[in-house]
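Below: one structure, written as structure tokens.
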Amino acid sequence: MWTEFFRFDLRYQLRQPLLWIVALALMLTAGLSAGSDAFRIGGAIGNAHLNAPLLIARQLGILSVAAMFLVTVFIAGAVLRDSDAGIADLLFATPMCKIDYLVGRFLAGLCACVVIFALVTAAMMAGASLSGADPARLSPFALAPYAWSFFVLVLPNLLFVAALLMLLATVTRSMLMVYVGVLAFMVLWSAAGFLAQRQDNVVFAALLDPFALRALALATRYFTSADTNTRLPELTGALLANRAVWSMVALGMLAATIALFKPQRAGTGRQSALARHAAGLRQAVARALVRPQATPSSARHTRRIAPRFTSTTGWAQCWSMLCLDTRGILRSMPFVVMLLLGVANFLVNYLVGGMRFDSTPYPLTRLMLQELDGGLNFVLTLVLLFYSGELVFKDRQARIDAVADALPVPNWAPLLAKCGALVAVVLAFVFTGVPVAMVIQAIKGGVPFEPLLYLQGTLIAAVWYVLMAVALLVLQTVAANKYAGYALGIALMASGRVLQGLDIDHHLASYASLPTLVYSDMNGYGHYLAGWSWFALYWSLFACALVLVAQAFWARGLPPAWRQRAVRAIGALRGKTGAALVLCMAACAACGGWIYYNTNVLNPYLSASAQLDLRADYEKAWRGTMSLPHPHIISVKTYVDIFPEQQRVEIRGHYVLQNKTAQPLDTLHIQRSLGPEAGAVSRVDTAITGLPAHTVARDDPRFGIQLIKLAQPLAPGATLPLDFTVRVSHPGFTNHGKPSPINENGTLFTFDEYFPQFGYNQSLEIEDRNERRARGLGEPNRLPSLDDKAAQRNNFWKLYGIHGDLVDFEATMSTSADQIAMAPGTLQRSWEDKGRRYFHYKLDQPVLPFFSFQSARWEVKQTEWHGIPIRVYYDRKHPYNVDSMIAGAKGALEYFTANFGPYPHKEVRILETPLYLSYARSFPTVIPFSESLGFINDLRGEDKVDHVFYVTAHEIAHQWWGDQVIAANVQGSAMVTESLAEYASLMATEHHVGKEKLRSILRWDLDEYLRGRGAEQMEEQPLMRVEGQVYVQYRKGSLALYRLKEEIGEASVNRALKRLLDEKRYQTSPYVTSRDVLQYLRAETPSDKQQLVTDLFERIVVYDNRVQAASAVQRKDGKWEVSIQVSLAKLVADGKGVEKPVAYDEPVEIGVLAEGTGRLLYRERHVLAGGLSRVTVVVDGEPADVVVDPSGLLIDRNVADNRRKVEVSGAGL
């Protein structure tokens, strides 16, 4: 009989328009995602093709998760439909088998979902093939990736979703509670995902994911670009276990549904929520009616009093309905559950998110606000979506709409009441998390309570939700159908992403779109709050206009056709309502005009695509001048006046230029600044005020470039003075709200931002291959070859248009009376004049032409190391890690001086900067350090790695590597500067915390390097030829140099680097290359380790070692004989990630760990051939695990399989 239920329900499902609407929406989404980066689901991966197998699997997997909310009505509705239609009594009075009933309906709903996703898969195939994309971005069509994704990911996911929804519907007998259950499940699923952020939890997190997305991510974690474009993961390990486990769970839930389902006639169970609502509404109506005044009982006659309904009455009715609706929501179990889920999501976000090297930040109020918003966003958005429909249609669902609509209540009253109820929901959500956050702060300790900041932050966060709540309610009112309203609401939420895909990213164009507003403990919300407030006012006025329109559409009685409703609405928008609408729209238009004037007239506005077009135009117009000779700056003297409260800077500067070429120079290519159309944050006006006789041969204001013809060519070796002024301002506010370098408290700008430079700036070129091809630019321009002798005459700053060798530097700065101005060099003197503070700095020796200029209100802590002052300038709210920074500076100076040579300057200054810049950077004597990077990390606890010490040491290391040893502008320059600084900081940290704690940093480096390979935009290069890839120069650089140190000894590596410094210190033209570094390293490397140097620096080598089996038997003498089977593979990769095995020509270390303690019982190196090998060792204690490469020195593609539990058997001989 189940087939009868199945056939009937399947026909019913396939005839539903909603099913085909959902299918069409998902097909459109899938097609656009498959054929365009702008609409890509799940993000692109480096050089991956649009139809790469891994991307296909990822997109279909994500769509199957997203569809969970859309297919609920088909699955859960199958159980609830009879009760909702009022035929449950008749149906359940009929003799039937509940298994047939449930299985038939379950399979019908599941088949309907399968039909949808079969169409979605077909749409994805068509989207990739018919997109018109560049053929270079497409792989040849293959059916296998789509089939694999459909049968391995989509079908098991749909089975699980259908079983879960069926169970929820059976247990709750309420569609709303089903959605609550779905939401609860999604929050728990999201929370479980945070486990994947911890490297030791990734397998467990993969098994916990019922949709297998995390298992897929784990299986493809270290895929290269070549793997992504050609391979699918093997259905083994965690991925296979995940599919098997959750398929069994789905079948278990289906069995539970059958066991729990009880055919129940209407009215025999508990009173429904709708019935309780109807009763409450009847009582509220009675209270809201105007009662005639009582007359004395002794009166012989009763006066007839005609009720009067004034605006006061309407407001009283509105208030009564507002209280009723608000109480109904806030006291309902679904809301309480979802509120608790939101708080739980926030707790998980805080406890697991933001970890680095096993440390978390202090629970500062701004961070708690950030985590609150992130934790509540998803839940609150869905709550608003659900309750917008429930509020508008609850009377109709309770079948009392005819009574409610007949009441003498103005249309605006119920609509405004429901808006107020949703606002109350928003406020309840955002403010409920605040006491939880404060409890966390109290438990953690160390931070002050900031109730006013909580109030301000939560109200700012609430604005977007309130705007969205109003729009969702309006859409439900106009649609006059709850599910149509839901569809329109989802479309509204997705519209921002769609508009961005269409290159429309102005906040005036996308409903409720607001600029990013970041709070900094140093600078507060700063001047960015003004621009945000104008956008918030603009959309608030627009929302008010929507409410006025919606009240004209408010349905009373049986709703007529939509056209008739529109005609009635137009008629209703007259009189006072029409006047209010006109006034509201006029105010909105005026506000929008003011915003447009600020964002598009006072400041440049360019969409994301237009910015790329501008960069392409710059390259086309000026790249031909890149090879032209330019004079080098040899001296900089400047006067910098900073006006923080006005976001304004005035600069007067004097350069001395020298012709270091062999030919006379008659033309200066001056890059004054980016022009006003270039999307720069600041308005920069540069004027050349002093230069010998010249004429302007060409002026390009769009890019801020002038070609100046000298009347007297500059002879080789001759010098030329150049004077200039620069005025920097920030009029009005911008569309994007991007932070600017000049702030009320915390100004930081660099030499290349505002000071005039010479020549072509290659860093402005587009690097993305796809964007370049779309604009006819061809392949990306790479760094000059490592062996390019001409390029070696310039240092690495030439890439950014900075032409200069070693220059003299002197700066006089002024700022507000309560701030300190800072620049590189030693302070010569400071004074105050006319309410401003002045500081005069001068460097005691020539340095590279790269300087920073800062101003802020700082506290200062000072100490010294062997007569060198160490000062940390920090915000008074962040004293936490000042001592750690001082310890890092002392430890670095101690180690670097002892092993590499003396510190080149007279002092060390570390400066806290606002979080707008999330990094630390090294300048001569000055190290700006973001407040979000090291000042707020909670390092309490002996088990935590002091990465503040590590980062401080890295930046101080640049005073040797980058400042004294200067890299040439060729491939491998970042190895000279960043990799050597990484090695130096690792060694200083190791001497501070020990090897064991340092391993967490090295594990993180390994993970980041292997992940980075798959996201490569061009081609991975060997470390010696690195071209600026962060994952190579930092992560692989650390791993390579640290392994070399372990192989040949710390003393040998440091001896080589000291010789390099002694012989190349401040060498210019030619500058130092990575080949020079390797020459010194090879000189200290024994002959049997020379191949290792080649593998680490000149080739891309990875390993795939694993323990296949391990067993142990105890001998009669009490010792244990351990038999180990290992598989060894050494692979050499090309730039695309294509890996080929080579001979395993090096010893491998094998370790045996003790039971209980984890102590190493055995660790020795073995010379083994590649492939499978067997090793037998004898240890003193009972073994627990066997490990290949226990020191973690190899770049192994999968460290997890390097370790295996030992199978212990009985006593042997």
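Counting from 46, one number per residue, gives the positions in the sequence shown under this note's numbering.
Ideal Cβ placement from N, Cα and C applies to all residues, glycine included.
Residue i vs residue j beta-carbon contact at 9 Å
{"i": "ARG693", "j": "SER565", "result": "no"}
{"i": "GLU1200", "j": "ALA1174", "result": "no"}
{"i": "TRP599", "j": "ALA462", "result": "no"}
{"i": "SER859", "j": "ALA868", "result": "no"}
{"i": "PHE249", "j": "LYS143", "result": "no"}
{"i": "MET383", "j": "VAL424", "result": "yes"}
{"i": "THR706", "j": "ILE696", "result": "no"}
{"i": "ASN815", "j": "ASP1234", "result": "no"}
{"i": "SER433", "j": "LEU547", "result": "no"}
Chain-order list of residues whose beta-carbon lies under 6 Å from that of residue i (same chain, five-residue window excluded)
{"i": "GLU722", "result": "Any reading at GLU722 must be qualified, since the residue scores a pLDDT of 45, below 50, and its modelled position is unreliable; no value is offered."}
{"i": "ASN704", "result": "PRO676, LEU710, LEU759, PRO761, ALA763"}
{"i": "ASP744", "result": "GLN751"}
{"i": "LEU1258", "result": "Per-residue confidence for LEU1258 stands at a pLDDT of 47, beneath the threshold of 50, marking its modelled position as unreliable; the derived number appears in the next sentence. Result list for LEU1258: empty, nothing under 6 Å."}
{"i": "PHE53", "result": "none"}
{"i": "GLU1252", "result": "SER1156"}
{"i": "VAL1101", "result": "Here the sequence assigns Ala to residue 1101, which means Val is not the residue at that position. The answer, listed in chain order, is TYR1125, LEU1126, GLU1129."}
Proximal residues to residue i (C-beta, below 7 Å), its chain only, five neighbours per side dropped
{"i": "SER672", "result": "none"}
{"i": "GLU435", "result": "LEU221"}
{"i": "GLY312", "result": "Only weak support is given to the placement of GLY312: the predicted model assigns it a pLDDT of 41, under 50, and the value that follows is read from those uncertain coordinates. Excluding residues within five positions, none has a Cβ falling inside 7 Å."}
{"i": "LYS505", "result": "According to the sequence shown, residue 505 is Ile rather than Lys. Closer than 7 Å at Cβ, skipping near neighbours: LEU562."}
{"i": "ALA507", "result": "VAL471, LEU472, VAL475"}
{"i": "ALA301", "result": "LEU212"}
{"i": "THR942", "result": "TYR948"}
{"i": "LEU183", "result": "HIS94, LEU95, ASN96, ALA173"}
Among the options, nearest to residue i - alpha-carbon criterion
{"i": "LEU938", "options": "HIS999, ILE981, GLU987, TYR918", "result": "HIS999"}
{"i": "LEU99", "options": "VAL971, ALA507, LEU277, ARG266", "result": "LEU277"}
{"i": "ALA283", "options": "MET298, LEU252, THR740, LEU299", "result": "LEU252"}
{"i": "PHE895", "options": "ILE753, SER680, THR734", "result": "SER680"}
{"i": "VAL515", "options": "GLN501, GLY534, ALA525, GLY986", "result": "GLY534"}
{"i": "GLU1023", "options": "SER1083, VAL381, LEU962", "result": "SER1083"}
{"i": "GLY490", "options": "CYS633, PRO408, TYR1054, GLN1136", "result": "PRO408"}
{"i": "TYR1193", "options": "ARG1151, GLY80, VAL1158, LEU713", "result": "The question names Tyr, but residue 1193 is Val in the sequence shown. Per the Cα distances, ARG1151."}
{"i": "ALA192", "options": "ALA207, PHE151, LEU175, GLY106", "result": "GLY106"}
{"i": "PHE968", "options": "LEU1206, VAL953, GLN864", "result": "VAL953"}
{"i": "TRP1049", "options": "GLN1062, GLY1073, TYR1079", "result": "TYR1079"}
{"i": "VAL627", "options": "ILE678, PHE268, VAL592", "result": "VAL592"}
Assigned secondary structure, residue i (DSSP; H/G/I helix, E/B strand, else coil)
{"i": "TRP579", "result": "helix"}
{"i": "PHE896", "result": "coil"}
{"i": "HIS551", "result": "coil"}
{"i": "SER830", "result": "coil"}
{"i": "MET867", "result": "strand"}
{"i": "TRP1006", "result": "strand"}
{"i": "ALA529", "result": "helix"}
{"i": "LYS989", "result": "coil"}
{"i": "TRP910", "result": "strand"}
{"i": "PHE8", "result": "The chain is shown from 46 up to 1258; residue 8 falls before or after that span and cannot be answered."}
{"i": "PRO62", "result": "helix"}
{"i": "TYR964", "result": "coil"}
{"i": "ALA1155", "result": "strand"}
{"i": "PRO1186", "result": "strand"}
{"i": "GLN1112", "result": "coil"}
Sequence-distant residues of the same chain with beta carbon closer than 8 Å to residue i, five excluded per side
{"i": "ALA339", "result": "Because the pLDDT of ALA339 is 49, which lies under 50, any placement of that residue in the model is unreliable, and the question is left without a value."}
{"i": "THR1139", "result": "none"}
Any chance the stretch 924 to 931 sits against the stretch 1001 to 1014, with 3 or more Cβ pairs inside 8 Å? Result no; under three Cβ-Cβ pairs closer than 8 Å.
Worksheet item: Quick check: the stretch 896 to 916 against the stretch 801 to 812, are there 3 or more CB pairs under 8 Å?
Response: The stretch 896 to 916 makes no contact with the stretch 801 to 812: fewer than 3 CB pairs, one atom from each, lie closer than 8 Å.
Q.
Contact between the stretch 138 to 157 and the stretch 52 to 61 is defined here as three or more beta-carbon pairs at a separation below 8 Å; is this criterion met?
A. Contact between the stretch 138 to 157 and the stretch 52 to 61 is present: three or more C-beta pairs spanning the two stretches fall below 8 Å.
**Asked** Can at least three beta-carbon pairs, one atom from the stretch 1122 to 1132 and one from the stretch 1215 to 1235, be found at a separation below 8 Å?
**Response** Taking a cut-off of 8 Å for Cβ pairs, the stretch 1122 to 1132 and the stretch 1215 to 1235 do not touch, as fewer than three such pairs fall below it.
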